[in-house]
Amino acid sequence: MPVNNENWKPTIVAFCCNWCSYAGADLAGSSRLAYPADVKIIKVPCSCRVNPMFILRAFEKGADGVILCGCHPGDCHYSTGNYYARRRMTLLFSMLDYLGIEEGRTRVEWVSAAEGVKFSETMNSFVEKVRTLGPSVRLGDLRCKN
Amino acid sequence: MSKQSELIKEISGVNPLKCMKCGKCSASCPSFNEMDIKPHQFVSYVQNEDIEALTQSKSLWKCLSCFACVERCPRGVKPGKLIDAARQVLIRQRGQEGLTANEIPALLDDETPQQLLMSAFRKYRR
Amino acid sequence: MQKIGVFVCHCGSNIAATVDVKKVVEMAAKEQGVFHAEDYPYMCSEAGQSRIAAAVKEKGLTGIVVCSCSPRMHEATFRKAAERAGINPYMVEIANIREHCSWIHKDMTEATEKAVILMRAAVAKVHLNAPLMAGESRVTKRALVIGGGIAGIQTAIDIADAGYKVDIVEKTPSIGGRMSQLDKTFPTLDCSACILTPKMVEAASHENITIHTWSEVEKVSGFVGNFTVDIRKKARYVNMDKCTGCGVCQEKCPSKKPLNEFNRGLNTRTAIYTPFAQAIPNVPVIDANSCIKLKTGKCGICEKFCQVGAIDYTQKDEIITEQYGAIVVATGFDTIKLDKYGEYAYNESKDVITSLELERIMNAAGPTKGHLERLSDGKAPKEIVFIQCVGSRCSDDRGKPYCSKICCMYTAKHAMLIRDKYPDTNVTVFYIDVRTPGKNFDEFYRRAVEDYGVHYIKGQVGKVMPQADGSLLVQGVDLLDNKQILKKADMVVLATAIEPNPDVRKIATMLTASIDTNNFLTEAHPKLRPVESPTAGVFLSGVCQGPKDIPETVAQAGAAAVKVIGLLAKDKLKTNPCTAKSDELLCNGCSQCANVCPYGAITYEEKLINDHGIRRTSRVAVVNGALCQGCGACTVTCPSGAMDLQGFSNRQILAEVDAICR
């Protein structure tokens, strides 16, 4: 639902694995590579720790986009975690799309600890995409609204 | 900020700040000796927004558009595209006085490379 | 119900310049369960930490939230501070309002809003934190060094000198690495072999060092202090115990076609070979791809001539399994392939060579016995052109975006040596910048220019054109003169970019060590932890971490050794208590969690369960806390929601989600 209100700010939850993406976000920070303040990062030990339930909950509570960042395939600190994450998210996102949570509101991205630039670029493009999609209302729990 | 330099950057898609001043473009250029402003200088002229000098230069018309500089530039600066864009800016300034096929034979001389005429015609025909 | 204290750090102006810390404190005080909120210029300072202790004592706090820099910086600091103040270290959470907030946002209102939300998420999480106790694991007092170049040798010697056992695994037939291929070293012009071979001998004869050459790391499992490593000892076809290194086999071997890798393929070697005269161990290997006996079954000449009967064609690859407490990666570098640089005619002309090839040509043991000559016709070159930054500092896909760091100096060295030995040879260097940071480095370069008359030209070469007469026409530019140059040369030397050894990616994957986009291994902190990998127990030595010259490599090798010694000196290590835990009441023993566990940490037991008064025997998952590394793969797989991760529980993460989306 695109909105004309320019002041509307999306709520974006970013799950970042401790070893690669969280460090990549830190590097983006220390390199002063800006991305919108709408992105709030939650640290998880590995992308495979992210339960689909967390993402559903985020949309239920009013998130407009959820992004999951992990280590590049083959580089997972725990060897295989990102593969599990990738498979789970592929299933979850296609289900979400079916439920009306557009494809653009969810994303999995691999960001290594050395890729501060990629982290910032990813967040910028993701927020831009979510902004064009407007607020997410499909899964919102009406009881949560003021 | 000079509007023309912005226009050149836009048309060419080149960011002159990427240049590390290695000179590979000038080292590769087959028309180097014909030019008054050398390929590597093009980048700094755009960076310094000295577009007037560029559009007045001989080099603009001596570039063969062979794109050896574009191919070999290690930083993806593409000086040849800057030259192309400067040419285009000049053409636009002159009020769309593009070439027609009939005008070409009169323009032929021994010095102007055929390739330049062809490339100019491709881009600036009416 | 937790009593939470929120401490907001200014970090000087790093945070306070963009985040209204007073506002964050004010908002924190309004949060449920927050009994104390304050700000301080430097929370990580001694004074800042004692304020935490004071507040814990005064208000009886049970949980702490520090809004500061990344937990990767100071989480350990604040956990220790909490422990000193008498609360469990795992009752501390960090809200990262520097790297993830103040440093990337400019607008104060926006940044403050975000900081408040991050603070709330941390507070919400701490509400659900539970005290955790770190377990202990044993440390195997033995180190593995992967790579037997100067970096690996130096690391191994330093560790061994401290009294610990070290194994070196080297994939080529001898230790020595790239340094053994060099002729002289800058800026002192010492003979490379003369300073390297004593170190090689020291490593080989050290009672604490075991060297596995012609071997590769096959598999790594375990974790810091307890790695289990499979090493493939490739079939050498020569019995190492019997061989005396007499070299007769190499003289007699009829297969003389294979390219000599040690001489960068500039000449050939025999099928049974030692890469160079000072090789350690001085035991040849048989290259199975070119050995006539191994390929056709007919020959056996080496066996016939070997007086001690050391040749054994029946040898097979052997896998040995060893335990290590620490692993050092010292896999080094190679030069990049030049296939994409057609303009330099490297593949067309034998007289266009890389600097490493020139190194072999200048070396007395090299293909030309140390005489500087053209590989095409054997003539002495009179005009040599050096081209700098070939493949370095390239943002396109042909080369590497980084500066290879060593080329400026070795080119000055080559130029100087050539001018010294062959004064009638002209040397021209095309350069973009001459980079000589380092002790006595710029002086060295100036000597090349001023004392040896090396002609440096600021500019690049666009094209090298092989001519019919065998010479090379070099088209370059002199940017200071603003002139294009056409120069006839007899030899062109390319300062080819270096890249990490191609095998490093495989090794990094085995070690779960992170690697950057250029295949250099990532250090745990770019400034403060430069020789440690983010993976505990894995250390970095030499060029595998980034371009380095020999002195820097040796310094880093020593630093890596110190870190290893520090680790091996401990008898026990504290383990990460953030491990998975299964709820016996919910677990139905389906085995799905064990299937996804990369560490084999989950087993199943028949247990007597008391489910709200009903007693039943049930097959339930049990997590071995010493093996579990806390990835959480099992928690998501578990269909009954029995498996949870301590420190990152479902409820904790959901609370964070709720706080952010509120």
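Protein chains in written order, with the numbering used here: chain A, 1 to 146; chain B, 147 to 272; chain C, 273 to 934. Each residue gets a CB set at the ideal place from its N, CA and C atoms; glycine is no exception. Bear in mind the structure is a predicted one, so any value in this text is a computation, not a measurement.
Asked	Found
CA-to-CA distance, E257(B) to E180(B), given in whole angstroms	10 Å
DSSP-derived helix/strand/coil call for N146(A)	Model confidence at N146(A) stands at a pLDDT of 47, short of 50, so the residue's coordinates are unreliable and nothing is read from them.
8 Å Cβ cutoff met for A914(C) and D855(C)	yes
Given 8 Å, three or more beta-carbon pairs between the region 447 to 457 of chain C and the region 414 to 421 of chain C	yes
Beta-bridge partners of M763(C), as assigned by DSSP	I656(C)
Alpha-carbon spacing of M782(C) relative to K491(C), whole angstroms	6 Å
Cβ-based neighbour list, T593(C), same chain, cut-off 8 Å, excluding 5 preceding and 5 following	T500, V501, D502 and I503
Option in T132(A), V127(A) and G140(A) with minimal Cα separation from D38(A)	V127(A)
Contact with chain C by C20(A), beta-carbon distance below 8 Å	yes
Within chain C, partners of F178(B) - CB distance below 8 Å	V749 and Q756
Sub-8 Å separation of A465(C) and S477(C) beta-carbons	no
Within 8 Å of chain A by C-beta, residues of the region 373 to 386 of chain C in sequence order	C373, W375, I376, H377, K378, D379, E382, A383, E385 and K386
For Q747(C), the three-state DSSP class (helix, strand or coil)	strand
Near-chain C residues of the region 204 to 234 of chain B - C-beta to any C-beta below 8 Å	A214, R218, C219, P220, R221 and G222
Three CB pairs or more closer than 8 Å across the region 72 to 81 of chain A and the region 776 to 792 of chain C	yes
Reference E771(C), options T384(C), V662(C) and G358(C), closest by Cα	V662(C)
Within-8 Å CB hit, M147(B) to chain C	Reliability fails at M147(B), whose pLDDT of 45 lies under 50, so the model's placement of it is uncertain and no value is given.
Pair within 8 Å by beta-carbon distance, V189(B) and V235(B)	no
Opening and closing residue of the beta strand (DSSP E) in which H727(C) lies	H727 to K730
Members of the region 111 to 127 of chain A that neighbour chain C once the beta carbon cut-off is set at 8 Å	S112, A113, A114, E115 and S120
Partners in chain B for C944(C), counting only beta-carbon separations shorter than 7 Å	Past the edges of chain C, shown from 273 to 934, lies residue 944(C), and the structure says nothing about it.
Under 7 Å by beta carbon: chain C residues contacting C165(B)	Ordered by position in chain C, no residue passes the 7 Å Cβ test against C165(B), which lies about 11 Å from the chain.
Cutoff 8 Å; reference G861(C); Cβ partners in own chain excluding five residues on either side	Y876, S890, R891, V892 and A893
Neighbour flag for K170(B) against chain C, beta carbons, 8 Å	yes
Supposed close pair F178(B), K170(B) - CB separation, criterion 8 Å	Wrong, their Cβ atoms sit about 12 Å apart, outside the cutoff.
Neighbourhood of N146(A) by C-beta, 8 Å cutoff - its chain only, sequence neighbours within 5 removed	Because N146(A) carries a pLDDT of 47, less than 50, the predicted location of this residue cannot be relied on, and the following value inherits that uncertainty. Closer than 8 Å at Cβ, skipping near neighbours: no residue.
Beta strand (DSSP E) segment containing C281(C), residue limits	I276 to C281
Per DSSP, the bridge partner or partners of T246(B)	Looking at the DSSP assignment, T246(B) forms no beta bridge with any residue, so it has no partner.
Burial state of M147(B) (16 or more Cβ within 10 Å)	For M147(B), the predicted model reports a pLDDT of 45, less than 50, meaning its position is unreliable; a value from the coordinates is still stated below. Classification of M147(B): exposed, given that the 10 Å Cβ count is below 16.
Chain-ordered chain A contacts of I787(C) [CB-CB under 7 Å]	D75
Rounded separation between E115(A) and H377(C) - CA only	19 Å
Alpha-carbon to alpha-carbon, S174(B) and R218(B)	8 Å
Buried or exposed by the 16-neighbour rule on C-beta atoms within 10 Å, applied to Q426(C)	buried
I197(B) in three-state terms, based on DSSP	helix
Three-pair Cβ contact test at 8 Å for the region 758 to 777 of chain C versus the region 548 to 564 of chain C	no
Chain C residues whose Cβ lies nearer than 7 Å to that of K184(B)	N754
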